[in-house]
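As structure tokens, the structure follows; a few thoughts come after it.
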Amino acid sequence: MPAAAPRKKTHARTNTVELQESARLELVVPQTSDLDISLAIDEALGRDKQQISTADGGISAVSAIEQRRSLFYDETLPVFVVLQLLIPLEDSVYESYLSRLAVSLEVAAVDGQRQQQQQRQPQYGGRPVEMVHLLFQTVVDENETKRIIIDNGAQRLAIWKIDVPLGHPRARLNNPTVVLTASATIRPAELHKPVVEDEYLSTRQPVGINLLESFTEDPHLSAVAPRLSASRVSRVIPVTQTPQQALRPFGYAAKRNFNIYPAINIRLRYSRIFSGTKQTIIASLDLEVTHFSECDVTIESVKIALSGGKADPLTDSPSPLPIVCRPRDDITFLFVLTPTDLLPTSGSPAPASSNSPVRPISVALQATAHLSSVCHPKIFTNWTTTVDFSPPQNPAFQPSPGIQRAHRPPSLGSIIHGATVSSSSGIRPVYQPAAPSPALTFTPPNHSTPSFVANPAPESTPGLTITFSGPSRVYVGEVFVWTVFVVNRSQRTRKLALIVPPKRRKAGEGKSLPPRPAGDEDATEAVLDEAVVYQTHRAQYLEPAELVPLVNDVRVGPLLPSACHTAELRFIALATGVLNIEGVRVLDIITNETTDCRELPSIVSVGRR
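Residue 33 is where the sequence shown starts when you use my numbering, and the numbers rise one by one after that.
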């Protein structure tokens, strides 16, 4: 009788392997802010108890829940992680598996425009590397995050709710996209071994051999019975631990992509007001509701904390908060900043030395966006910057009203040029505009000239607004700075370059001779005109430079619509007197259009005594 063929070994599928392959993981970012997910899932299961999964492998119980389409920066986002197990298990076994789970959530920001370009372009040499900016990462802690269990017989779900703060990435992104990724990992089961916590020997165990037994009859030891167990001097072989099972992912990772926009743009500026030898610093906090929100935004709280000082509202009137704002609304809050010698309190943003003129200042904002009747995202913004309380070098010179300049170049839409200079007058005149105008108001941060007025551009041709501001007096051989403030009023992104062209020679300085008389026949015909000889000789002479630009190519942008940017032009004066710059050329790098900003303010250069 032939021997029976050996039975082939088959892979024994355990419950852990089946759960890892069949489990489903889903992310839910609900449209309803105060969603009771247990009630929503019960309603979905009540409508269709037979359907277990969707066509794309998702969870049918949560597929009917309406989810968000876009998110806001600085928003506290409620996220639900839903896990479904399709294998029927006993309650004790099901609970043991859930206790071994490690559910993690990762939130990252990517450049959506670059991602689209990589998808359109062919890939060479492998997968392109994406610039991922991590915003939030956590692992669910069962002690802090309460687990929600839903079991109606047809489906068994485990749900965790996580509040995700959406911060800002450290890099500027074009068309930013937020990617939420949830994953679950099952840990190996712990082997329960008896652990002996008693330091004494166990009872009824054989003792080791006494190595000093031969000295027991030594007369010099009298009644002492020496003993040394062999186990005390023998080499201890460590027990090899059994290899534990590797961590394996539980189900498939769930991903969701959302576009993200700023709901409120915040800009903090400060200006100085002089009264004799005393200076007062006024902080201007501008809040602009962006057009990306397309909804009303309620500003509930605005606070400013100054380290080593205090920030008080400029007016004594009660706070108008909360304020309901529409898109493109702009609100300004004014605060008086006063440094003190007291140590910073616990509410201050950071400790600062009382002798340092630079103090940290913190801005805290709380708002609510009303996307719909059920969607009310909460926005919490908290960021810190610095303010300089150092006195000016020469407080005797007071600011004066800005010079109004009107210029309409042929290209780049419409550009407005404004100039702000300082006068040597000790009294600051009060300037009142003749009629209300939507002109911009800008305060250069590095000068003590807190205002300028520029004529508004025509509404039919929105473009750029460029303002030049600088000191009223400069000194020979010392570097001075012009501040250039650019506002993009167009509907497209701008990328500019500011160039200071070299000074052109003045025309009309050549020598002109009277015409030769017609009757003079003895005159010798000139081989080369004398005017040309004079111009050739003069071209060999180099005129001394009066004003030298140190930076001749300043880049601005990318500048989004309704955005602003501040740049600096550095010069050095090499001569005394009234010096002039013929113009600053503005080049649009995207369209290669150029325009020259003329009628710039004059520069008074004096020498040091």
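The beta-carbon is built from N, C-alpha and C at its ideal position, and this holds for glycine as well.
Short Cβ contact (8 Å threshold) for residue i with residue j
i, j, result
"L51", "I97", "no"
"A343", "T322", "no"
"T642", "V519", "Past the edges of the chain, shown from 33 to 641, lies residue 642, and the structure says nothing about it."
"S65", "V406", "yes"
"H408", "T418", "no"
"R179", "Q116", "no"
"W192", "V113", "yes"
"V618", "R505", "no"
"F421", "I292", "no"
"P238", "T248", "no"
"H597", "L606", "no"
"L244", "A262", "no"
"V61", "R288", "yes"
"L133", "A216", "yes"
"V164", "A203", "no"
"I411", "F104", "yes"
"L353", "S333", "yes"
"F367", "L397", "no"
"D328", "D362", "no"
"G589", "L632", "no"
Three-way DSSP call (helix, strand, coil) for residue i in this model
i, result
"A96", "coil"
"T322", "coil"
"D183", "strand"
"P581", "strand"
"I119", "coil"
"E176", "coil"
"I604", "strand"
"L130", "helix"
"F367", "strand"
"P503", "coil"
"Q169", "strand"
"V61", "coil"
"V638", "strand"
"V239", "coil"
"S455", "Model confidence at S455 stands at a pLDDT of 31, short of 50, so the residue's coordinates are unreliable; what they give is reported in the following sentence. Coil."
"P409", "coil"
"V334", "strand"
"I621", "coil"
"L317", "strand"
"A72", "helix"
"S480", "Confidence in S480 is poor, its pLDDT being 37 and thus under 50, which makes the residue's placement unreliable; the coordinate value appears in the next sentence. Three-state result, S480: coil."
"D77", "Sequence check: residue 77 is Leu here, not Asp. Helix, per DSSP."
"P258", "coil"
"F112", "strand"
"L205", "coil"
Limits of the unbroken beta strand (DSSP E) element including residue i
i, result
"R299", "I296 to S307"
"E138", "L133 to D143"
"S391", "Checking the displayed sequence, the identity of residue 391 turns out to be Arg instead of Ser. Unbroken beta strand (DSSP E) run through R391: V390 to H402."
"R526", "R526 to I531"
"L353", "No beta strand (DSSP E) holds L353; DSSP gives it neither H nor E."
"D344", "G341 to P345"
"A214", "P208 to I218"
"G609", "G609 to L611"
"G589", "V586 to L591"
"P197", "R188 to P197"
Terminal residues of the alpha helix (DSSP H) in which residue i lies
i, result
"V513", "Looking at the DSSP string, V513 is not in any alpha helix (DSSP H); the run it does join, the beta strand (DSSP E), is V511 to N520."
"S263", "A262 to V265"
Distance, residue j Cα to residue i Cα
i, j, result
"A337", "S522", "35 Å"
"L582", "R640", "21 Å"
"Q99", "V580", "59 Å"
"T108", "I604", "50 Å"
"D74", "D183", "10 Å"
"N612", "P423", "30 Å"
"R391", "T515", "23 Å"
"L253", "S246", "12 Å"
"V462", "W415", "Legend: pLDDT at V462 = 34, less than 50; position of this residue unreliable, no value from coordinates given."
"E138", "N297", "26 Å"
"P160", "G144", "Note that P160 scores 49 on pLDDT, short of 50, meaning its location in the model is unreliable and no value can be drawn from it."
"A599", "V508", "23 Å"
"I621", "F517", "18 Å"
"P110", "V49", "31 Å"
Those residues which DSSP pairs with residue i across a bridge
i, result
"D106", "DSSP output for D106 lists no bridge partner at all."
"K310", "S307"
"Y566", "Paired residue(s): none; Y566 is not in a bridge."
"A285", "Partner(s): none; A285 has no beta bridge."
"H597", "V518"
"A535", "The question names Ala, but residue 535 in the sequence shown is Lys. K535 pairs with nothing; no bridge assigned."
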